[in-house]
Amino acid sequence: MSQDKKLKGSESLVAALEHEGCEVIFGFPGGVAIPFYDALYDAKRLRHVLVRHEQGAAHAADGYARATGKVGVCVSTSGPGATNLVTGIANAYLDSSPLVAITWQVRSDLIGTDAFQEADITGITLPIVKHSYLVKTTAEVPQVLHEAFHIASTGRPGPVVIDIPVDVALGEIVYRDADTLDLPGYKPTVRGHIKQVRAAAKAINEAQRPVLYLGGGVISADAAPEILRLAESRRLPVATTLMGIGAFPETHELSMGMLGMHGTVTANYAVHECDLLINLGARFDDRVTGKLKAFAPHAKVIHADVDPAEIGKNVPPLIPIVGDVRQVAVGLVKELEGMEWSAERTAEWLARIAARKEEYPLQYEAPADGKLAPQLVIEEIDRVTAHDAIVCTDVGQHQMWATQYYTFTFPRQFISSGGLGTMGFGLPASIGAQIGCPDKTVVDISGDGGFQMTEQELATAMSCGLPIVVCILNNGYLGMVRQWQDLFWNKRYSCTSIETQPDFKLLAEAYGALGLTVTEKDEIEPALREALACPRPAVIDFRTSPQENVFPMVPAGKEITEMIGGQAKKTGGRTS
Amino acid sequence: MKHTLSVLVENKPGVLTRVAGLFARRGFNIESLAVGQSEDPGLSRITITIDGAEHPIDQVTKQLHKLINVVKIRELDASCMVVDELMLVKVNAEGEKRTEALQIAEVFGAKIVDVERRTVVLRVVGSTQKLQALLELLQPLGVLEIVRTGIVAIARGKG
Ligand SMILES: Cc1ncc(C[n+]2csc(CCOP(=O)(O)OP(=O)(O)O)c2C)c(N)n1
Ligand SMILES: [Mg+2]
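Sequence order for the protein chains is A and B. Each number in the numbering used here corresponds to the 1-based position in the first sequence with 8 added. Each number in the numbering used here corresponds to the 1-based position in the second sequence with 33 added.
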């Protein structure tokens, strides 16, 4: 941006966004946002994607951020526009996604008067942001945006809200790119303490039954290559969390798949039996640990995280390391290189794990009602896309089956709402992912319930000509809730049947997208191929069995050893 | 065990809300909180006391540190700090009670800062225990109103 030009606040925001390298923003206009949208009208480089609901803007920006590693940006007008972003901001907060949410606000002199469309959005979002700004003067705009990008994307990433009164957009300043930071209270620790890294390396070298437990921190730190080197150097078996999926290739012999509530038998028992648990960038979430007291009872714990507050929050580690996971992994590999080690040390352990993988694969049977097995649909998506699609999901049973039956091989491949568990995330997230990665195949795996929470974004996908493939696992139920009712509430299916629903094929067609319905096994592949070949968005309505449940399952608050399902091998099924 | 935190924050709008909001959200109970400008006009200092038995102090400070506007946190060592709190108490001072109130005030080094026909206002500075002891003695006279600033604390010497 040329320096020292006189610009309006709105124009300087556009200039500042471009200066940060921002290519696309997702938003929806309104009264006090008009000056900004007017400035966008002349923007040369910055692209705006018009969503159909602000929640979609936040999730799309979040999906874009997760797929690319760049900061995602969403914009809304004041009041209802801003409050519609709230779920998306909370979602980004709980999954540590770098999001900048710009909300326009009523005129400064009207703030606090209950003016038309006034909502105290910095107040409302206070507990779900990494930081927030209420901009007071036009002169601050470039600096605030620069800081917001920095805060959102460094340390433990997270959402930053920038609330800007409309008069700030109208004021004029001499624009200058902001390149310096004034954040005396913000200095994330990047480099892990060498003493701690050394102690951790020693423990890894000496362990007989080690497990590497990887979380989303590995992905946000872009640490996957270093982690692979670390795992291979000492042949460490690997379990990932939901957020850590893709941090380690599931095709690798050391992969045990996901751990936790719907994790594999192999991963969960390995954690239960290990003598060293190496947590890199994960947070001992209750969906992973089950009953905390009984979690990894025989293990020494190493915990590395860029956020010091995560260390010791749930599990007191023997060796805490505060630092960027990539740097920590590099340090560990380097330390380990200088140590003597023989593969004999862990041979028995690895053999035990291999045997268990063989004996306890993820498996399912053909549903008795003759409808499609949802697991089969995912396996087919996996096969047809050759483990190579970016897979976004919604929240529910289909999400868990996606983690279990799709084979993830690279970071940022799996995009899902983990911490908040937000139904409605999948479709808009896939829009953001496809815009961020135009050359990749993007598949959204949704439930019939969650899809209906943000389905209007099909119009957004159409308007951008995005070839995303939405696969609805249509079981006629809010399946995951039904599963809990089935298992823990005497099969009293209160308010979980959603049989009354649109014909998704016709709905897709109404938007101008491709719509397909699949009821038979042998239609799965042709439908997928047709949808993948279609240059427009496609929606496939897979009629799956309502009776299927996700197994194995560690009931909430129970120990891993109290797992339901996960029996020894019966028939086919995928080994994981 | 009580913990006293001395927290240096940027003097920006909403900072106190962020600190208070964090305590509320994480379920940490604030026993006392006092805030004012520090030696640097750009920074304010907040003195917070919390019950450490109830909450792991480590989590409290780590979470506080995550607030972008929090510049520095120091846990003060109880054996090496000066702690004070200021309290204003309005007591009943009718008839004989007045002399009694004045006597108690003198013992505690409290100043009489307002005298009316039926009431007096005492100002006392000191530790929480001292303030408590004074209140106990004043109670029989009839305590009408209490105002306290919350604890402020500073480390002794150069440390
Ligand atoms: C916004 C929101 N509301 C409610 C829930 C609770 N919830 C979790 S899973 C689920 C059922 C989802 O149903 P569907 O989208 O059909 O997926 P399925 O489980 O059937 O695969 C519900 C209601 C949630 N996670 N998010
Ligand atoms: Mg469903």
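Where a beta carbon is used, it is the ideal one built from N, C-alpha and C, also for glycine. Nothing here was measured: the structure is a model prediction, and the numbers come from that model.
For residue i, three-class secondary structure by DSSP
i, result
"aspartate 187 (chain A)", "coil"
"aspartate 452 (chain A)", "strand"
"glutamate 234 (chain A)", "helix"
"lysine 195 (chain A)", "coil"
"isoleucine 506 (chain A)", "coil"
"glycine 87 (chain A)", "coil"
"proline 592 (chain A)", "Absent from the model: residue 592 (chain A). The displayed extent of chain A is 9 to 584, so no value can be given."
"alanine 67 (chain B)", "strand"
"glutamate 139 (chain B)", "helix"
"isoleucine 119 (chain A)", "coil"
"histidine 27 (chain A)", "helix"
"glycine 183 (chain B)", "coil"
"lysine 566 (chain A)", "coil"
"phenylalanine 34 (chain A)", "strand"
"aspartate 110 (chain B)", "coil"
"arginine 364 (chain A)", "helix"
"proline 89 (chain B)", "coil"
"isoleucine 423 (chain A)", "strand"
"lysine 35 (chain B)", "strand"
"lysine 14 (chain A)", "strand"
"glutamate 533 (chain A)", "helix"
"leucine 370 (chain A)", "coil"
"lysine 130 (chain B)", "helix"
"phenylalanine 559 (chain A)", "coil"
"arginine 391 (chain A)", "helix"
"isoleucine 386 (chain A)", "helix"
"threonine 50 (chain B)", "helix"
"lysine 191 (chain B)", "coil"
Distance CB(residue i)-CB(residue j) smaller than 8 Å
i, j, result
"isoleucine 453 (chain A)", "cysteine 479 (chain A)", "yes"
"valine 57 (chain A)", "alanine 68 (chain A)", "yes"
"cysteine 82 (chain A)", "phenylalanine 44 (chain A)", "no"
"proline 382 (chain A)", "threonine 552 (chain A)", "yes"
"isoleucine 83 (chain B)", "asparagine 62 (chain B)", "yes"
"alanine 255 (chain A)", "arginine 334 (chain A)", "no"
"leucine 522 (chain A)", "alanine 546 (chain A)", "yes"
"threonine 146 (chain A)", "valine 174 (chain A)", "no"
"leucine 134 (chain A)", "isoleucine 212 (chain A)", "no"
"leucine 54 (chain A)", "glutamate 180 (chain A)", "no"
"serine 86 (chain A)", "glutamate 148 (chain A)", "no"
"glutamate 118 (chain B)", "leucine 164 (chain B)", "yes"
"isoleucine 227 (chain A)", "glycine 268 (chain A)", "no"
"alanine 53 (chain B)", "valine 185 (chain B)", "no"
"arginine 243 (chain A)", "leucine 380 (chain A)", "no"
"proline 305 (chain A)", "glutamine 555 (chain A)", "no"
"arginine 51 (chain B)", "glutamine 96 (chain B)", "no"
"glycine 298 (chain A)", "alanine 312 (chain A)", "no"
"valine 168 (chain A)", "isoleucine 159 (chain A)", "yes"
"glutamine 491 (chain A)", "lysine 499 (chain A)", "no"
"isoleucine 398 (chain A)", "valine 323 (chain A)", "no"
"alanine 278 (chain A)", "valine 219 (chain A)", "yes"
Residue i beta carbon near ligand 4 (any heavy atom closer than 7 Å)
i, result
"glutamine 383 (chain A)", "Summarising the ligand content, the structure contains ligand 1 and ligand 2 and does not contain ligand 4."
Near-chain A residues of the region 99-130 of chain B (beta-carbon distance less than 9 Å), N- to C-terminal order: Lys99, Leu100, Ile101, Asn102, Val103, Val104, Lys105
Residue ranges of each beta strand (DSSP E) within the region 274-355 of chain A, 3 or longer: 284-288, 308-313, 327-330
Positions along the region 128-139 of chain A whose CB lies within less than 8 Å of some CB in chain B: Thr130, Gly131, Leu134, Pro135, Lys138, His139
Whole beta strand (DSSP E) elements within the region 426-497 of chain A, 3-residue minimum: 450-455, 477-482
Members of the region 287-317 of chain A near chain B, C-beta cut-off 8 Å: Asp315, Pro316, Ala317
Contact residues within the region 181-207 of chain A, judged by C-beta distance below 9 Å to chain B: Leu191, Pro192, Gly193, Tyr194
Within the region 200-278 of chain A, ranges of the alpha helix (DSSP H) (whole runs, at least 4 residues): 202-214, 224-228, 232-241
Interface positions of the region 157-174 of chain A facing chain B (Cβ-Cβ less than 7 Å), listed along the chain: Ile159
Cβ-based contacts, 7 Å cut-off: residues of the region 75-97 of chain B near chain A: Asp91, Gln92, Lys95, Gln96
Residues of the region 132-165 of chain B with Cβ closer than 7 Å to any Cβ of chain A, in chain order: none
Contacting positions in the region 434-456 of chain A - beta carbon closer than 7 Å to chain B: none
Complete runs of the alpha helix (DSSP H) confined to the region 92-169 of chain A [at least 4 residues]: 129-132, 149-161
Residues from the region 54-73 of chain B in contact with chain A, defined by Cβ distance under 7 Å: Gly54, Arg58
Inside the region 51-80 of chain A only - alpha helix (DSSP H) runs reaching at least 4 residues: 62-76
Members of the region 168-186 of chain B that neighbour chain A once the beta carbon cut-off is set at 9 Å: none
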